[in-house]
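Residue numbers (the working numbering), protein chains in the order written: chain A, 1 to 166; chain B, 167 to 594; chain C, 595 to 1013. The beta-carbon is built from N, C-alpha and C at its ideal position, and this holds for glycine as well. These notes concern the structure reproduced below.
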Amino acid sequence: MIHSGHVIKLPDNVDTDIIIPTQYMTLETIEEMVPYAFTPLRPDIPDKVRKGDILICGDNFGCGSSREQAPEIIKLLGFYCVIAKSFARIFYRNSVNNGLLVIENKKIYDRVKEGSKISIDLEMHQIQTYSGELIEFGDFPETVISIIDKGGLVNYYREMNMKDHS
Amino acid sequence: MLGLNFVDMTITEKILARAAKKNWTKPGEIITVAVDWCMTNDATTHVSIDIFNDKLNTKKIYDPDRTIFVIDHNVPSESIKTTQVQNKMRKFAKDYNIKLHDGEGICHQILLEKYVLPGQIVVAADSHTCSMGAIGAFGTGVGSTDFVGVMVTGKTWLKVPETIKFELEGQFAQGVYARDLILKIIGDIKTDGATYMAMEFGGPAIRKFTVDDRIVLCNLAVEAGAKNGIVEPDEVIEQYFKRIGRCYDKNMFFKSDTNCKYEKKHNYNLSILEPAIVSPHQVDNYDVVVKIEKDNIFIDQGFIGSCNNGRIEELRIASKILKNKKVKPKIKLIISPASRTVFLQALEEGLVEIFLNSGAIVLNPNCSVCWGACQAVLGEGEVMISTGTRNFKGRAGSPDSYIYLGSSATVAASCVAGKIVDPRNLIK
Amino acid sequence: MGYTLFEKIIRNHSSAKKLCVGSIVEVDVDRMMIHDFFTPFCIEKFHMMGFSRVKFPDRIVFIYDHLVPASFIGDYRHHKVAEEFASLQGIKNIHRHDGVCHQLMHEMGYIKSGDIVLGTDSHTTTYGALGVLATGIGYTEMAAVLGTGKLWLKIAPTIRIKIDGTLSEGTYSKDIILQILADISIDGANYKIIEFQGETIDKMSIASRLVLSNMSVEAGAKAGLIAPDAKTIQYLQKHGIKDDIDLIKSDDDAEYEAELNYRAEDFLPMVACPSSVDNCVHVCELSNIEIDQAFLGSCTNGRLEDLEIASKILRGKQVHPNVRFIVVPASIGVYREAIKKGIIELLVNAGVIINHPSCGLCAGRSGGILVDGENIISSNNRNFLGRMGGNEVNIYLGSPATVAASGLEGRIVDPRRYL
C-alpha cells in the first residue's frame, strides 16, 4: 500500500515538553490537548496539519519525559507517520503502543522541504520524494509491526483477552 | 495623654480624631486622616500600579518608608500571569524604594510583626486589614483606587463609624477558642450585622486574650461587614512588644471612655460556648459542631492557616491533637504557618515534625488554601474544613466544592476522624 | 564472552536461552510504579485492553507527587481515579504525599539490586544506582504490564563509563553527569545502557550515585547502572530490604559497545545552559547571568546531602534580594532529617521558601512559574523550552552547591569560592 502526504518538518531534539506542554496535561481528554500541540516551537502546526501529512524530524525526536500524550496527539492531529533521523527510546515505544507508525531514516530529512509531497510504500520499504528520488528504509521487528498493525497495544491486548475469554 | 477629652469617645473615635488632628470626632463625621501605614499585596497591586502609571500626573510616593508591598497570595507562583503581576510589583517597589516582603508570609501577619503600633492608622488593599485592631490600631481595607490615593497623598477620607461593643466575660472551656467565639458572633449578628461599624471587643475576659486570640477576633470583623475591629491595648500588648523587641509609645494606648456611646452592646459568656462549625456557603451559617456530628460529613481536605488562624498558638492547639495520631490516609491536611517567623517558631517547638509524622502536608507561609488559587485547590464535589476566613462558593477551587469553617482544633480532630467532629473528643 | 550487568539481570528474569544485543526478550517485572500524573490514562488503557484484574497487586506502587498539592481544579481527578482503582484491585502500596516517586521507591524498600522495575516516568532510571534494571515506559505499556506482569524489551549494548580518582572540593556527581552529557550529547546513549564503574563511583555516597543514574535518561539511555557493593547493601538494609542481595556485576570479559574513561580530578563545576541538557559549560565560563529564581529539589538533587551542601553555603547569610529561592526536599524522610539537623531552620532564616516534598517546580506546572526573560538556576534534570513557564525562560541546571552559591550572589557563580 502506498500513502502520499505533505511534509511538516521539525529540527533535532524536539522533546515531549514541546509536543505537549505540561500545563495542558491534566485536561480531561486528549482531544482537548490537541490545540496546544507543539506550542513552544511551532504553534502553527495544529491549524496547519491535514489528515495524512507526514512529520519529518531530525535526531532524537521525542526526547525527554515519558508523556504518552505526545504520540497520541500526533496521531490525533492526523499525521500518517513520523519519520525521524532517530527517535528517543520511550517515545518510540509509546508511538508503537499507540499504533503511530514511526520510521527511522537518516537520509530523507535533507531531501525534503516543508510542504513538499512524498509517498511511502510500506511493502517495498521505500519513500519517494517529489523529485522522484527513492530512499529505502529498514525492516520493522516482528513485535513492533504486529502492534502497529493492530492499531496499538490496547487493541492488541483487547483481542487477546477476548480470545482468552471466549 | 493628648487632649482628647472634650467628649467621651470610643477607642476608634479617639484614634481617628488624633489622625485627623482633631480634638474629637463623632460617628457619621467625614474626616481626613493621616495614614501611618499603607499596604497592598499581589492580589490587586497590579491594578493600583496601572492606575498610578496611567491616570496620575505626579509620579511620587508620599512616603516610601510607610508603604509596604507584600507578595503572599500566590506563593510560589502557579502561572505566567501570576508571575507577571508579581514582577510588576517587584519592579515598582524597586523603582520607588518601597519595602517589599516577597514570600515571607501573609501581609497582615507581617504588618503586625514588624510595623504597626497601637494608635496608628493602617489602610490596605485587603479586606482583612481589620486585623490591626488586635494591637489597638485602626486598620481598614480599601480598593485599589483608594489605595493609590493613600500611597500618593499619605491621607484618606473616612466616615467615623459607630461602634458595637462586645462584652466578653467568663473563660473558654477546654476545646473552645477565640475562633469559635468570633464565628458565633458573626452567626448571631449576620454578615451585615456590623456594616460600616467598628466592632470593639472588651469586657473582663478580653484581658486574658493573647495577641493571637485578639487577631482572630479582629481579623473576621469584616465578615460581619465591619469597617474595623479593635481591642484596647493593655499589659498583654506591652509584653508582646517587649518580647518581640519592638519599641512602643504608651501614650498611644488609647482606651474607650467610660461613658462613651455604643450603638449596640452584646454580651457573651465564654464559659457556655461550644466548638463552632460554619457550613457552606456563608460565613454566618453557624452552628455547634456537636449538633452536626450525626450528619457524618466526610471530608477530603483540612486546612490550618490563613491570616485568621495560622499563628503559633493555633498550630500548638492542632499539634496537641495530632501528636502520635494519624490523619486519615485519603485526607489532605494542609498546614501553612502565617509567616516565616511563625514557621521558625513551629520548627523550634517541634510542631512541624508532629505535623509531618501525622501525615499532614506542611506548605510555605502564604495565603494558600484560603485564597484557593494555587495550592491544594479543591476539585468537584470535594469537601474541606478550614481555618480560613471565608467559605463562599468556589472560594477554594471548584464552584462545586464545599467549605466548612472551624477552629484549628476542629480541623485537626476532623482530619483524624475522617469527618467533621467535635474536637473535645480528642482533647485530653 | 562474559555478560554485562544488564544482560545478567535480564537472564535472571527471562526464559530466553540466547541473548544477544538487538534481540527481543520478554521479562518478568518485579515492581511497577505509577505516579499521579498518569494514573487516569494508565487505568483507562487497562480497561480498554480488556483486563479486569491486575496480575500482581503487591508489586504495584502508586505515588502521588506531580500533583501534590493540587494546583488546579482538575488535579484531584487523578487521585480520585487512582484511589478507586487501587481499592478495587487490592493495591495497598499508595503514597499520597510522602515525596517524589524516585526517592520513595528506594527509601521505602520497594526495590533491591537485581530487580527489574518499571515506572511511568523517564527518571525511573534513578534506581539503576542500586543495581536495579529500572526504566521508564508509557502508560499504555504500563497498563499491559499491570495485566500481564511482563514486558518485552530489546537487548541493548552497554556503554561503560569509568571514573577513577578523587573529586575536587566543590565538584559533585551532578557536575560529572553534566560533563558526560556534554561529551556524548542528549542522544549519545540512545537505546543503550550506561554502566558507571571506577574508583570515584566506589567512593561515592548512594545519594551521589543516584544522580548519575537519574540523569542517564537525558542521554537517551534505557538504564544507568551501577553494580551493587557493600554500600548498596547497607543502604537497602537500612531501608527495609531483608532479602539477601546478590552482588552481581559485569564479567571482566563482558563486551561493551563503547568505553569512556575519566579522571575525577578533571571535573569542574558545570552548568547546563538553555535549552538543552547537553549544552554544558564550566561555570566559570558564565559571567554575569543574573538570576530571578533558584530551585533546589527534584528526584535528581533533593536529598539530605544536597540540602546540607546548600545550608553550608547559606549559613549565616541571606539569599540575594532579587532571587526567589525555593527548596523542596525529595521526601518526608529527607524533610524530617533536615529539620533534626537544623538545616531547614538555617535555610528559612536565610530567606528560602521551603515547600512540602513533591516534584515541585521540576514538573513545571506550579511551584514558581517564570516569565519570558527570567533566568533560573535549578538542581533538577531538564531545561527544555517552556518547561517552567514562558518559552523564553532561561533554565540553567547545576549542582546544589552551584544553585546555593548563585542564590546567594544573585547570579550564576562558581560554588567553590563559597565552600
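**OP:** Please check if any C-beta of chain C sits within less than 9 Å of the C-beta of His165/A.
**Re:** yes
Original post:
With contact counted as at least three CB pairs below 8 Å, one residue from each stretch, are the stretch 546–554 of chain B and the stretch 512–529 of chain B in contact?
Top reply: no
Original post:
Secondary structure at Lys649/C, three-state DSSP: helix, strand or coil?
Top reply: coil
Original post:
Considering only the beta carbon of each residue, do Asp292/B and Met365/B sit closer than 9 Å?
Top reply: no
Subject >> Rounded C-alpha distance that separates Lys180/B from Arg1005/C >> reply: 51 Å
Original post:
By how many angstroms is the C-alpha of Gly547/B removed from the C-alpha of Gln467/B?
Top reply: 12 Å
**OP:** Measure from the C-beta of Glu279/B to each C-beta in chain C and report whether the shortest distance is under 9 Å.
**Re:** no
**OP:** Find the nearest neighbour of Phe978/C within the set Phe650/C, Gly958/C, Ile903/C, Val997/C, judged by alpha-carbon distance.
**Re:** Gly958/C
Original post:
DSSP state of Gly668/C, grouped into three classes?
Top reply: helix
Original post:
Nearest-angstrom Cα distance between Arg897/C and Arg590/B?
Top reply: 39 Å
Original post:
What does Glu57/A reach in chain C if we use C-beta pairs closer than 7 Å?
Top reply: Residue identity differs from the one stated: residue 57/A is Cys in this sequence, not Glu. The premise fails here: Cys57/A is roughly 12 Å from chain C at the closest Cβ pair, so nothing lies under 7 Å.
**OP:** Could you please tell me which residues of the stretch 659–688 of chain C, in chain order, have their CB closer than 9 Å to any CB of chain B?
**Re:** Val662, Pro663, Ala664, Ser665, Phe666, Ile667, Gly668, Asp669, Tyr670, Arg671, His673, Lys674, Glu677, Ile688
Subject >> Contacting residues, own chain, Cβ-Cβ under 8 Å from Gly596/C (five flanking each side not counted) >> reply: Ser844, Asp845, Asp846, Asp847, Ala848, Glu849
Subject >> Backbone CA spacing between Val739/C and Leu745/C [nearest angstrom] >> reply: 6 Å
Subject >> Met1/A burial status per 10 Å Cβ neighbour count (16 or more: buried) >> reply: exposed
**OP:** Can you tell me which of Ile483/B, Tyr414/B, Leu383/B, Lys247/B puts its alpha carbon nearest to the alpha carbon of Ile352/B?
**Re:** Leu383/B
**OP:** Closer than 9 Å, Cβ to Cβ, to anything on chain C: give me those residues from the stretch 15–29 of chain A, in chain order.
**Re:** Asp15, Thr16, Asp17, Ile18, Pro21, Thr22, Gln23, Met25, Thr26, Leu27, Glu28
Original post:
What separation, rounded to the nearest whole angstrom, lies between the Cα atoms of Gln167/A and Ile20/A?
Top reply: Outside the shown range of chain A, which is 1 to 166, sits residue 167/A, and nothing can be said about it.
Original post:
Is the beta carbon of Gly5/A less than 9 Å from the beta carbon of Ile54/A?
Top reply: yes
**OP:** Could you name the residues of the same chain whose beta carbon sits closer than 8 Å to that of Trp340/B, not counting the 5 residues immediately before and after it, in chain order?
**Re:** At residue 340/B the sequence reads Gln, which differs from the Trp that was named. If we look at Gln340/B and ignore the five residues flanking it on each side, its Cβ neighbours are Arg590, Ile593.
Subject >> Closest Cα partner of Ile463/B within the set Asp220/B, Val587/B, Glu328/B >> reply: Val587/B
Subject >> Rounded straight-line distance, which links the Cα of Pro284/B to that of Met167/B >> reply: Only weak support exists for where Met167/B lies, its pLDDT of 45 falling under 50; the coordinates are left without a value.
Original post:
What number of angstroms, rounded off, separates the C-alpha of Asn105/A from the C-alpha of Lys113/A?
Top reply: 16 Å
Original post:
Within the 9 Å Cβ cut-off, does Val655/C reach chain B?
Top reply: no
Subject >> Below-9 Å beta-carbon distance, Glu735/C vs any chain B residue >> reply: no
Original post:
Do the stretch 621–638 of chain C and the stretch 526–546 of chain B make contact, defined as three or more Cβ pairs closer than 8 Å?
Top reply: no
**OP:** Scan the stretch 88–146 of chain A and note each continuous alpha helix (DSSP H) run of 4 residues or more that stays entirely inside, going in chain order.
**Re:** 89–97
Original post:
Short check: CB of Ala303/B to CB of Gln286/B, under 9 Å?
Top reply: yes
Subject >> Minimum Cβ-Cβ distance from Asn988/C to chain A less than 9 Å >> reply: no
Subject >> Beta-carbon separation (whole angstroms), Ser543/C vs Val997/C, contact threshold 8 Å >> reply: No information on residue 543/C is available, as it lies outside the stretch 595 to 1013 that chain C covers here.
Original post:
In terms of DSSP beta bridges, what is Trp323/B paired with?
Top reply: Thr198/B
Original post:
Can you give the Cα-Cα distance for Met809/C and Asp566/B, rounded to whole angstroms?
Top reply: 42 Å
Subject >> First and last residue of the uninterrupted beta strand (DSSP E) at Asn855/C >> reply: 852–857
Subject >> Met167/B - DSSP class collapsed to helix/strand/coil >> reply: Because Met167/B carries a pLDDT of 45, less than 50, the predicted location of this residue cannot be relied on, and no value is offered for it.
**OP:** Just confirm the distance between the C-beta atoms of Val921/C and Gly961/C, as a whole number of angstroms; I'd bet it's less than 8 Å.
**Re:** Going by Cβ atoms, the distance from Val921/C to Gly961/C rounds to 11 Å, so no, they are not a contact pair.
Subject >> Separation of Cys273/B from Ile330/B, as counted between CA atoms >> reply: 26 Å
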